[in-house]
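I have placed the structure first, in the form of structure tokens, so that the comments after it can refer back to it.
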Amino acid sequence: MSTPATKASRRANAGPRAAARNRAALLAAAREIFAEHGSHAPLNAVARRAGVGQGSLYRHFPDRMALVLALFEEQVSTVERIARDPGVPLADLLGVVTRHAIESVVSIDVATASPEQRPDPRLVDLRDRTADVLGSRLERALAEGDVRPGTTVDDVLLGVEMVAATLTRRPAADRERCALRAWQLLGMTVHLPDR
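Take any residue in the sequence shown, note its place counting from 1, add 3, and you have its number in this note's numbering.
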């Protein structure tokens with residue numbers, strides 16, 4: 004015979020059906036917690052903000068790097084989705100990448116703080132996917148004068164890395180202005196989207 008407590012327990016635990024919802028909630032919470040408390044914020048704060056238990060957090064993301072990489076994966080997927088429209092120029096794609104860097108500066112700090120000599124292959128894959136998307140617009144950007152003559156895909160990626168690294172040392176209120184000025188100094192046109 005089911006008691007009211009047993010029925011409530013069954014309703015509260017949605018099991019595998021809740022997995023996608025829990026993952027999305029964890030990613031949203033991680034963005035907020037990292038932005039508010041920095042790269043060393045406790046992961047249990049992410050679980051609490053998401054409204055899930057720590058077990059759910061670790062089932063989805065076994066460690067801090069897995070969580071950060073999932074955030075980056077979302078960002079790269081967004082840029083790839085926008086780039087499906089062949090009319091979107093490099094300046095717009097760089098704007099989206101820059102907006103992501105402004106808003107996830109702590110995640111950048113975590114992902115680049117590894118003491119390993121060899122970069123994490125998951126980061127390399129995300130970098131390669133970003134290079135493919137940005138590279139698909141480079142010829143047009145060169146023709147339109149949005150980048151300096153002779154600019155390569157590696158130059159564009161170096162610019163992204165330089166701008167992102169600079170943002171990790173800036174107060175939140177100054178990041179947008181700093182990013183746009185950095186791109187200007189690098190001789191690349193960037194159209195930053197609204198938040």
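Beta carbons are placed, not taken as given, at the ideal position from N, Cα and C, and that holds for glycine. Predicted model only: the values in this text are computed from it and were never measured.
Since residue i is in the alpha helix (DSSP H), which residue starts that stretch and which ends it?
i, result
"Ala-44", "Premise fails: Ala-44 is in no alpha helix (DSSP H) and is neither H nor E."
"Thr-169", "156 to 170"
"Val-91", "First-last for Val-91: undefined, no H or E at that position."
"Ala-175", "Counting along the chain, Ala-175 falls outside any alpha helix (DSSP H), and DSSP gives it neither H nor E."
Quick check on residue i: does DSSP put it in helix, strand or coil?
i, result
"His-63", "helix"
"Ser-139", "coil"
"Val-193", "coil"
"Asp-149", "coil"
"Arg-199", "In the structure as shown, the chain starts at 4 and stops at 198, and residue 199 therefore has no counterpart that could be examined."
"Asp-123", "coil"
"Ser-107", "coil"
"Val-82", "helix"
"Arg-184", "helix"
Do residue i and residue j have their C-beta atoms within less than 7 Å of each other?
i, j, result
"Ala-38", "Val-49", "no"
"Phe-64", "Leu-129", "no"
"Leu-93", "Arg-26", "no"
"Thr-36", "Ala-44", "The sequence given here places Ile at residue 36; Thr does not occur at that position. Going by C-beta atoms, Ile-36 is nearer than 7 Å to Ala-44."
"Ala-86", "Ala-167", "no"
"Gly-162", "Met-191", "yes"
"Leu-170", "Ala-134", "no"
Could you tell me if residue i is buried or exposed, where buried requires 16 or more neighbouring beta carbons within 10 angstroms of its beta carbon?
i, result
"Gln-187", "exposed"
"Ala-8", "No answer about Ala-8 holds up, because its pLDDT of 49 lies below 50 and its placement is not dependable."
"Leu-70", "buried"
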